[in-house]
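There are 2 protein chains.
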Amino acid sequence: MKRKITLKHIARELDVSISTVSKALKNSEEISRETKEKIQAFAKLYNYKPNNIAISLKNKKTKNIGVIIPDIVHHFFTTVFRGIEKYANDKGYNVIVCVSDESFDKEVINMEMLANGSIDGFIMALSAETQLKNDFNHLKQVTDQGIPLVLFDRVTDEVNCDKVVIDDQAAAHMAVSKMIADGRKRIALVTTENYLNVSSKREDGYKQALQEHNIPVREELILRLPYQYEDEKLSEVFFATQEVDAVLCVNEIFAIRTIRFLQDNQLQVPTDVSVIGFTDGILSRLSNPTLSSVAQHGEEMGTIAAKMLIDKVESDVEEGDEQYHTEVVEATLIERESTRSS
Amino acid sequence: MKRKITLKHIARELDVSISTVSKALKNSEEISRETKEKIQAFAKLYNYKPNNIAISLKNKKTKNIGVIIPDIVHHFFTTVFRGIEKYANDKGYNVIVCVSDESFDKEVINMEMLANGSIDGFIMALSAETQLKNDFNHLKQVTDQGIPLVLFDRVTDEVNCDKVVIDDQAAAHMAVSKMIADGRKRIALVTTENYLNVSSKREDGYKQALQEHNIPVREELILRLPYQYEDEKLSEVFFATQEVDAVLCVNEIFAIRTIRFLQDNQLQVPTDVSVIGFTDGILSRLSNPTLSSVAQHGEEMGTIAAKMLIDKVESDVEEGDEQYHTEVVEATLIERESTRSS
DNA sequence: ATAAAGCACGAAATCGGTTTCGTGTTAATA
DNA sequence: TATTAACACGAAACCGATTTCGTGCTTTAT
């Protein structure tokens, strides 16, 4: 086994000083041509690569970015992550991922672990529990230390930092308007319990679109399911008592379950009921019928978030007069089989 | 903004030496009770946390593990990753993820980036291209340096290291046997082009099961699709010319597409044709009909891989006499609506 | 021939910790 | 009272790099 070789080894072997080796490998003017050639040849031969950790310590830059997401087995987050990873990698950064599992405590622990020198900045989406508790001290601590932070999707106004979101309200508005234009009248909303910022914004957009078209908002048409629900009893109750001709769901899974429920109850999609979901993932593309869906462009969000973060990390703008931006990624409605004019 | 505080700051402030501070914070016997209390109180007050990078440099341990997977937007890998991340986090490790994107070059680059001190060990699944090229020098270099490596799922015999796999052959065998027991006779296989190790093993299991039941293997019933295919023309050609009453697909997506294709051609699943897929993911659970699927227990694989790696990282077994193990995770057939006896 | 300039390189500080070893002071023992 | 042990702490090496500042030697200018 060949142990990693260090500057010291090279220096000893070639009978020069460590400084000389370091400079030679950086092709410094200071070192004579022959000495440089000798050292570089030796380094190549023994496949010398500088130790990242030592460089990080010296530079106070790790070239690592920390990503904290609520769940990795989730198409949207996974997509965002891909965008982050690609961009970061191109820029020579590595990505450390921590999963908060929707738990406040894990989020705090993870951030503290990474905030002690392991990373140059954070990209994260808040856990459900964090949004519920409305406690953002761990985020503030991080920004107070001067560590750049970018929030995406699940953000909060309480923290001053860069953000990248989609306009959830506009997106829901667009989807509902589309349904109305298709001649739908009794449009239901299937959403989560309301502590998730995104859900409530989508609900706002839903209501707004209805009102603009003089369709009264009926609370009975709004179904709030627990975020991680397993049974569909609620759904049954709901649809059994309503005459719905369209449904907007705040995520893909709710939409697929809704379609299945409708089909099992002899309702045709989209003939009888049209359905639109959020999160344009694999489910939307492969369900039967395929699902019309609001694409959140996760990969693009990830790319933007990574760019914002790395720009901040690499800028030497003295803080205090920092400018924080919120990038809004436009959502797109992907029309597939689950919608058609009635 | 409060900059991070270091031992040096505390030492200066309290007028003691750095060594004393370090020892006091570790509750060393060497330091008097009062001095310790003073220092500890000060440290708490200013929220001192040791710098991870400095510790890594000193200990030559980073408490980071590198995970290299072909694709993150892929249910199986994502599941394995979750298992890795959970276990690693419990043990105080962070996870650095790199995505090879099925590319050999990216795999090499990523490994080289991380192998220079950033991580204590690797967990990875080979990229498709790497398996095609059959070039594993980058892996050997890593193990030669004494860096522990665990391969999962997409493994190779060429590299000596710990591995965790499922018995793909047995799993396919089980699935096909189940179909035969259900009375199916003309069982097709939808697989990828053959360079993926796992696919060819599944094909072996498929053939073996047929032969054991004296059903001739017919090459026309085996459809090989490119790994990332978009069109389903091939599929149409295939099914149009065959009378198939069951299909085994080597992944979930192929299975869902197969079902959709059958449905579009007036064939009922499972009445006319029963379908089994691999990768028990979200698609299987939410498709209509729900898909019977071979569960690979990704999360368990991840946990095992992480445990194997961390055990190796933390053991001080002098290498040379290392023992490498291959853990086989048993696959399970999850029966859902897409299979039923004919 | 002497001073100034330039070249090629080394010593040492630094990043932020850990750890070994040494030392001055006090207390216990002979 | 002299010797030794225990105590409490500091100096310094070390991990593996980078970088500033000197310095001895050669070369050029005066």
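Here the protein sequences come in this chain order: A and B.
Under the working numbering, read the first sequence as residues -4 to 337, first letter to last.
Under the working numbering, read the second sequence as residues -4 to 337, first letter to last.
Note that CB positions come from ideal geometry on N, CA and C, so glycine has one too.
From a predicted model like this one, the values you see are computed outputs, not experimental measurements.
With its beta carbon less than 9 angstroms from one in chain B, cysteine 93 of chain A belongs to the interface. Against chain B, the CB of glutamate 325 of chain A has no partner CB under 9 angstroms away; the residue lies outside that interface. Take alanine 301 of chain A, set aside five residues on each side of it, and the residues of its chain with a beta-carbon closer than 6 angstroms to its own are Ile79, Tyr82 and Ala83, in chain order.
For glycine 141 of chain A, the neighbours in chain B by C-beta distance under 8 angstroms run, in chain order, Met(-4) and Arg(-2). Secondary structure note for asparagine 54 of chain B: its alpha helix (DSSP H) is the uninterrupted segment 47 to 54. Among the CB atoms of chain A, none fall inside 9 angstroms of the CB of isoleucine 13 of chain B. In the structure shown, serine 269 of chain A adopts extended strand secondary structure according to DSSP, grouped into three states.
Judged by pairs of C-beta atoms under 8 angstroms, the segment 124 to 138 of chain B does not touch the segment 286 to 306 of chain B, as fewer than three such pairs exist.
Phenylalanine 273 of chain B sits close to valine 245 of chain B, with the two beta carbons spaced by under 9 angstroms.
The beta carbon of glutamine 318 of chain B does not come within 9 angstroms of any beta carbon belonging to chain A, so the residue lies off that interface. Each residue's CA atom was taken as its position, placing lysine 173 of chain B and serine 282 of chain B some 21 angstroms apart. Taken through DSSP and simplified to helix, strand or coil, glutamate 188 of chain A comes out as coil. Counted as a single uninterrupted DSSP element, the alpha helix (DSSP H) harbouring valine 16 of chain A occupies residues 13 to 20. Annotated three-state conformation of valine 264 of chain A is coil, per DSSP. Under the DSSP definition of a beta bridge, aspartate 157 of chain A partners with A:Val145. The beta carbons of aspartate 148 of chain A and valine 159 of chain A sit closer together than 9 angstroms.
Of all residues in the segment 43 to 65 of chain B, only Lys44, Pro45, Asn46, Asn47, Ile48, Ala49, Ser51, Leu52, Thr57 and Asn59 come within less than 8 angstroms of chain A when Cβ atoms are compared, listed by chain position.
Per DSSP, the unbroken alpha helix (DSSP H) holding isoleucine 277 of chain A starts and ends at 277 to 281. The beta carbon of lysine 3 of chain B lies closer than 8 angstroms to those of Ile13 in the same chain, with the five residues before and after it left out.
Asparagine 260 of chain B is outside the set of residues whose beta carbon lies under 9 angstroms from a beta carbon in chain A.
Interface residue (Cβ-Cβ distance to chain A less than 9 angstroms): phenylalanine 147 of chain B is not classified as such. Shown here, glycine 61 of chain A sits in a strand according to DSSP, grouped into three states. DSSP places threonine 151 of chain B in no beta strand (DSSP E); its state is neither H nor E. Alanine 167 of chain B is positioned such that its CB atom lies no closer than 9 angstroms to that of glutamate 188 of chain B. In this structure, isoleucine 60 of chain B sits near valine 90 of chain B, with a CB-CB distance shorter than 9 angstroms. Assignment of valine 171 of chain B by DSSP, reduced to helix, strand and coil, places it in the helix class. Less than 9 angstroms separates the beta-carbon of glycine 293 of chain B from that of threonine 74 of chain B.
Along the segment 62 to 90 of chain A, going in chain order, the ones with a CB nearer than 9 angstroms to a CB of chain B are Val62, Asp66, Ile67, Val68, His69, His70, Thr73, Thr74, Phe76, Arg77, Glu80, Lys81, Asn84, Gly87, Asn89 and Val90. DSSP, read as helix, strand or coil, puts methionine 119 of chain B in strand. When only Cα atoms are considered, isoleucine 48 of chain A and serine 113 of chain B end up about 6 angstroms apart. Serine 51 of chain B is positioned such that its CB atom lies no closer than 9 angstroms to that of lysine 44 of chain B.
Lysine 21 of chain B and lysine -3 of chain B have their alpha carbons spaced roughly 24 angstroms apart. DSSP places arginine 77 of chain A in no beta strand (DSSP E) but in the uninterrupted alpha helix (DSSP H) bounded by 70 to 85. Look at isoleucine 34 of chain A here: in three-state DSSP terms it is helix.
In summary, aspartate 163 of chain A is buried, with 16 or more beta-carbon neighbours lying within 10 Å of its beta-carbon over all protein chains present. Taking the Cβ atoms as the reference, arginine 335 of chain A lies roughly 4 angstroms from proline 265 of chain A, within the contact range of under 8 angstroms.
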